[in-house]
Amino acid sequence: MMIRGEGNDMKITPRIEHKVATIDEHRTALEAATLMTSQYIGSVVVTSTSGIKGIFTERDLMMKVVGERKDPAKVKLIDLMPGTSVRVAPDETSEHCLELMKEHRCRHLMVFNGDEFIGIVSLRDMVALMIEEKERLISQLNDYISG
Numbered sequence: 547m548m549i550r551g552e553g554n555d556m557k558i559t560p561r562i563e564h565k566v567a568t569i570d571e572h573r574t575a576l577e578a579a580t581l582m583t584s585q586y587i588g589s590v591v592v593t594s595t596s597g598i599k600g601i602f603t604e605r606d607l608m609m610k611v612v613g614e615r616k617d618p619a620k621v622k623l624i625d626l627m628p629g630t631s632v633r634v635a636p637d638e639t640s641e642h643c644l645e646l647m648k649e650h651r652c653r654h655l656m657v658f659n660g661d662e663f664i665g666i667v668s669l670r671d672m673v674a675l676m677i678e679e680k681e682r683l684i685s686q687l688n689d690y691i692s693g
């Protein structure tokens, strides 16, 4: 019997959130915060005429706007977006995503299939995926021991 172990980390594919809230880069941080509040979400995908610019999160609001005493009604998202955002492929592993989140100090990753935006994954998604994998492994071990 083959038991999946740590070396065979689960792919993120089933945890990708495909339906995401988007907002134009020329909107304000206040508009982004209002959108997040109304939809009970912690991030929005920032778009431009040329495509996806990045993710704006609750943490960005606190660190880049409130923490720097900027007026959220005046600061545009385009001025808060980093030059590049962390991207992963849909067949990436949860382990690698967690490493990227730790390295880049973020809780959300954008998922792209080549140049096509697929959705996002969050730290919460990765934790849920790891719990599922551990439960599956425990079940396999129980079956192996009692079988």
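One point on numbering: in my numbering, the residue at position 86 of the sequence shown is 632, and numbering is uninterrupted. Every residue, glycine too, gets a C-beta built ideally from N, C-alpha and C.
Restricted to the stretch 563–633, the alpha helix (DSSP H) segments that are unbroken, complete and at least 4 residues in length are 575–585, listed in chain order. If you compare the alpha carbons of Gly597, Ser596, Ile677 and Glu604 with that of Ser589, the shortest gap goes to Glu604.
Here the stretch 672–679 does not lie against the stretch 595–609, with fewer than 3 beta-carbon pairs under 8 Å apart.
For Lys557, the beta-bridge partners assigned by DSSP are Thr639. With the rule of 3 Cβ pairs closer than 8 Å, the stretch 565–582 counts as touching the stretch 619–629. Comparing C-alpha distances from Pro560 to each of His642, Pro636, Asp661 and Ser685 shows the shortest one belongs to Pro636.
Judged by their CB atoms, Thr593 and Glu563 are not nearer to each other than the 8 Å cut-off. When only Cα atoms are considered, Ile684 and Leu646 end up about 27 Å apart. Here the alpha carbon of Val657 sits roughly 6 Å from the alpha carbon of Phe663.
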